[in-house]
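Chains as they are written, first to last, in our numbering: chain H, 1 to 514; chain B, 1001 to 1562. Don't be surprised by glycine CBs; every beta carbon is placed ideally from N, CA and C. Here's the structure, in structure tokens; my notes come after.
Here it is as structure tokens:
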């Protein structure tokens, strides 16, 4: 059963997505009500270890912005040129949610930063403080707030609209150290509840299977009676298995301690959650859905500092990234889900990026590129200070900038693929908000001025612009950006999001809105 | 022999003029009592507390001991693969594609495995289907499950006997009447409404059992919840069988173990100890070495470790495999070979593993010994192009001595290059590290971490003996650890060997592994007791002491679990 992943297998699937018009009559049931305006989608994309100073080389002075022709892409952002008119570079967004140093000024530098910063990225709460308050030991604690994407899924009732509530994908086949904490801060963006981390899936075969099981199928409109009968049979068997499994757990539950009861309640609800998927017989879903060729499987890394590095067992990160983009496009155009979190690599990645081709290795020496964290993020150079206008000074090493540029290229590839699919009156990119960010600024681990891009979201946010928000002490907080996306983009009635040690209320970030 | 505490360590550090006091954390605190006895402490009956020889340490009272509990949690992915292999005879390894949920420590730690997501559920659901298809496609494997035929429509006698016998193996306990009835009803449903024949219906029921919580989870069921919170209760035979089997085999108990559970014979300490021997001496006992030792001592990391072949042309995938075998060989002497833990740093290495000549070939006689000379350790704790004395020191302190280093708060940890290390010749790592330590921020941790690693710089990044760096500089292995100077590995080892934490550490690790938790404060008196009782004997003896203890054989719910 060991299905080895090969470049050929993966590439088999690439490039078969062809643009098909959005056909109203074939749209999924839930989507019909929203036909007049295409549904809104949100894809937060994480990259680890922060950014090289080249990220900000053409940035305007803080508190100002540039747009249109004055907005010039920095060298690490150049791959985004084809979608520049849908791009916003956003500077000076901070995530000072930690309560460390309560009562004093906010401190953007926390340790261990490669677990606490990504832990707080989508929840805007300090996981170390939560764990300590709950009396958990820090090395084994698994606790956080509900993440911004899951608030959207839950409050927006997306689980009732699409077959799959939300998806979590990633490329981290070889995680680095977890900084003395659990996997849940290094390999997770989405938290369904305080104790339910939704780990990213690296296996393209599993993502593909989930989409097909949920009913993704090519839309030639016809129904094969034989296949339909088989699907009915399979659904009935699956239903019987699920019912029996949930039934036996429910019967056992009352005999257990409250703690174990909660564990089994979660077991039952996670199996109930897949019921819709495994009992779907596929005839209700069609539309402009296009199924890509089945990709090969990639094994999950068994733990920190283990797994597949570039070249091991034929593993190729570039091919992996392309196929994951194809799967994201498939998931969206088949309307299987509308919220996907995507980790371009696990936190504190030590992956060997020396495969990056010349088109992105344009920054001179790439010494240290064989270890993202140790060699590139902590290679020579970095931000040394700011010039008078607030623009950073310093130089980062070529490896750091090269990896950033290659990661941006993967997002650019995704944006272009979405741009090629018509959706409603525009394209799939118009009705999708791609939100690329790291959990820390640069080599210094600060959760201040996070390197951040917003792409798409047409009609909601300003585009073709670099907006640099005001400087300290009025740093704009990431919790406010999520709050803005929840209220203004999804129209949700959210009272507040994330922690603020000063007790400040959430505020809409009007600077980014149209 | 009084063993020292964190306070003593802190005093030593202070005496040494180091600034890292707050950076040192110690998982085992309190005073540990040594025994000087042979460490073998005859069986103790249930409830007696397994008191050791010698004076019990302060804080340890077997009557008051709180053994804690193992909360319900899923099998680890390794355990899932082993379990389906042992139970069904399949060669499939579905869990290679399951998501791993790990915390710091062992991958069986229950705190990360109690949660489950829809992604996990989907993977279990698909895997059970695939496993059953695999078994039913293979006549030999199928015959082990389908042990009887149906007498005709409506006959469930055979189905019921399969549910009861396979169910006991799969769920690791006898099924109760209600459970049996429900599964038999599913068999009937498959025959009547799902269009299955007898075999197909058995397959359907098998699939249900392999997707159910009692298969996927460790669940210890208290007969009376309130009583289990008020006082500790002895585990029943089946619960003991699972604890024993998952510890030593990383897998489900076999029929022999379950039979001893059914008759309650397993509750007898002598029989329990005999089962430790049987499980360890079984070929599956090798899993204990691969899982426990490799994770404890971070050798697992070797599997994905990168070596730059331009610096080390000798490096091959075969050599990686040989190093694993070599490490397994070394660790196994403490389990299978009767070698005591006190020799962990001094025992000679077996240099006979095929392929290891590339590493051992250039050794001067008598130089290399013990864990500090083990190529798997030396390589896994190196960088691709050079040694990493800091990594090596960290493993010795954190894993061998159970003295984890906590990162100082609010200090950016720069790479060597950033700290100015690049201004010296890159091939002399000591010179680089010395520059590193010139920063007060760095010195706190590195003054403690680095000397151990620098003391074994005579071994390069793949563990070969050397006398000079690539640039021709002579290797300097002198240093000082906790105020005691040494000139090299020969003087370093006795210093480490005499450290009380070296003797106490394995007890903490084996408890953490067996009971699937980061040790709680309530465990510390017992960990001290265990160390004294054991007296740095073999790891096999350590396991026996643990399984005979109330900590292993009892369970008590904390108020927070109610």
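- Looking from the CA of residue 1290 of chain B, the closest CA among B:1247, B:1318, B:1256 belongs to B:1247.
- By the neighbour-count criterion, in which 16 or more other beta carbons inside 10 Å mark a residue as buried, residue 390 of chain H falls on the buried side.
- Residue environment analysis places residue 1144 of chain B among the exposed positions, since fewer than 16 neighbouring C-beta atoms fall within 10 angstroms of its C-beta.
- One finds 1301, 1304 in chain B with Cβ atoms closer than 7 Å to the Cβ of residue 305 of chain H, taken in chain order.
- By the neighbour-count definition (other C-beta atoms within 10 Å, threshold 16), residue 1520 of chain B is an exposed residue.
- Counting along the chain, the unbroken beta strand (DSSP E) around residue 435 of chain H starts and ends at 432-438.
- 174, 178, 180, 181, 182, 183: these are the residues of the segment 154-183 of chain H whose beta carbon lies less than 7 Å from some beta carbon of chain B, given in chain order.
- Counting C-beta atoms within 10 angstroms of its own C-beta, residue 69 of chain H has fewer than 16 neighbours from the protein chains shown and is therefore classed as exposed.
- Only residues of its own chain outside the window of five on either side were considered, and among them 1249, 1250 have a CB closer than 6 Å to the CB of residue 1287 of chain B, listed in chain order.
- At least one CB atom of chain H sits nearer than 8 Å to the CB of residue 1221 of chain B.
- By the rule that beta-carbons nearer than 8 Å mark a contact, residue 428 of chain H does not touch chain B.
- Listed in chain order, the non-local C-beta contacts of residue 87 of chain H below 7 Å within the same chain comprise 80, 453, 455, 463, 464, local neighbours out to five positions each way being set aside.
- Comparing alpha-carbon positions, the option among H:187, H:355, H:435 lying closest to residue 318 of chain H turns out to be H:355.
- The DSSP assignment places no complete beta strand (DSSP E) segment of no fewer than 3 residues inside the segment 1220-1292 of chain B.
- By alpha-carbon distance to residue 1264 of chain B, the top candidate from B:1562, B:1560, B:1553, B:1450 is B:1553.
- Residue state for residue 60 of chain H is assigned as coil, using DSSP reduced to three classes.
- Residue 204 of chain H: member of the alpha helix (DSSP H) spanning 204-213, first to last residue.
- Residue 404 of chain H places its beta carbon 8 Å or farther from that of residue 380 of chain H.
- Here residue 1460 of chain B is not near residue 1384 of chain B, since their CB atoms are 8 Å or more apart.
- With fewer than 16 other CB atoms across the displayed protein chains lying within 10 angstroms of its CB, residue 1562 of chain B is exposed.
- Contact residues of the segment 1520-1533 of chain B toward chain H are 1520 (C-beta to C-beta distance below 9 Å).
- For residue 1179 of chain B, at least one C-beta of chain H is nearer than 8 Å to its own C-beta.
- Around the beta carbon of residue 295 of chain H, a 10 Å sphere encloses 16 or more other beta carbons of the protein chains shown; the residue is thus reported as buried.
- One finds 370 in chain H with Cβ atoms closer than 7 Å to the Cβ of residue 1384 of chain B, taken in chain order.
- In this structure, residue 1216 of chain B keeps its C-beta atom at 8 Å or more from the C-beta atom of residue 1093 of chain B.
- Taking 8 Å as the upper bound for CB-CB distance, residue 1271 of chain B and residue 1260 of chain B are in contact here, some 7 Å apart.
- Among the residues of the segment 308-320 of chain H, those with a Cβ less than 8 Å away from any Cβ of chain B are 308, 309, 312, in the order of the chain.
- According to the DSSP assignment, residue 341 of chain H belongs to the beta strand (DSSP E) that extends over 340-343.
- Taking the Cβ atoms as the reference, residue 180 of chain H lies roughly 7 Å from residue 138 of chain H, within the contact range of under 8 Å.
- Closer than 8 Å to the CB of residue 1484 of chain B there is not a single CB belonging to chain H.
- Residue 1304 of chain B is positioned such that its CB atom lies no closer than 8 Å to that of residue 238 of chain H.
- Between residue 330 of chain H and residue 383 of chain H, the C-beta spacing is not below 8 Å.
- In this model, residue 201 of chain H and residue 414 of chain H are separated by some 18 Å (Cα to Cα).
- Of the other Cβ atoms in all chains shown, 16 or more fall within 10 Å of the Cβ of residue 1516 of chain B; this residue is therefore buried.
- Here the alpha carbon of residue 448 of chain H sits roughly 33 Å from the alpha carbon of residue 157 of chain H.
- Per DSSP, the continuous beta strand (DSSP E) segment holding residue 191 of chain H begins and ends at 188-193.
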